[in-house]
Amino acid sequence: MATPKGITLDQVEWAILELTAASGGIPPTLRELQGQLGLRSTAAIQSHLDSLRDAGRVTWQPGRARTLQVVGVDQGSGALKAPDPALVHLLEVAERVVKRQKVSSLTERLSLEHACRAARAKLFPEGQG
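Going letter by letter, the sequence shown gives residues 259 to 387 in the working numbering.
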């Protein structure tokens, strides 16, 4: 599902997970997401987040900073920790991004494809997935 400004909801969700992992489990701010996605305003990010919330894919505590959470992923205790269903969801998001060729460079695309293959092998040993 694409949102205004040509950014997909999958890309926004992926950026949340990337920024959270890079900061040791601390969820990103609107400005950090804005910079990561190359958007001009935090209003555009808020619109995307509202769409993700309405789809049941993210949650946050209104009025409180850094409470953004991807549903199904435990981002607490200083590290990104995910149960298997959340890892499966993350893998599916990454694979959709790669499949739709929304990755900017060949190096980035190949790296993401490799990461997807490795994750799929760990999640689904012996070709279960």
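Virtual Cβ for every residue (Gly too), placed ideally from N, Cα, C.
Sequence-distant residues of its chain with Cβ nearer than 6 Å to I265 (five each side left out): L295
Three-state secondary structure assigned by DSSP to V316: strand
Sheet register partners of V328 (DSSP bridge): V316
Nearest-angstrom beta carbon gap, W272 and V355 [assumed within contact, 8 Å]: Right, their Cβ atoms sit about 6 Å apart.
Contact under 8 Å by Cβ, Q327 with W318: yes
Test item: CB-CB of L291 and L277 under 8 Å: yes
Beta-carbon proximity check, S309 vs L267, cutoff 8 Å: yes
S335 to R358 span [Cα, whole Å]: Confidence at S335 is low in this model, with a pLDDT of 45, below 50, so the placement of that residue should be treated as unreliable; the coordinate-derived value is given next. Distance between the alpha carbons of S335 and R358 is about 34 Å.
8 Å CB neighbourhood of S370 in its chain, flanking five on each side removed: Per the sequence presented here, residue 370 reads as Leu, with Ser not at that position. Hits under 8 Å: A352, V355, V356, V361.
Residue-chain proximity (H347, chain B), Cβ-Cβ < 8 Å: Going by chain labels, chain B is absent from the structure shown, which holds only one protein chain.
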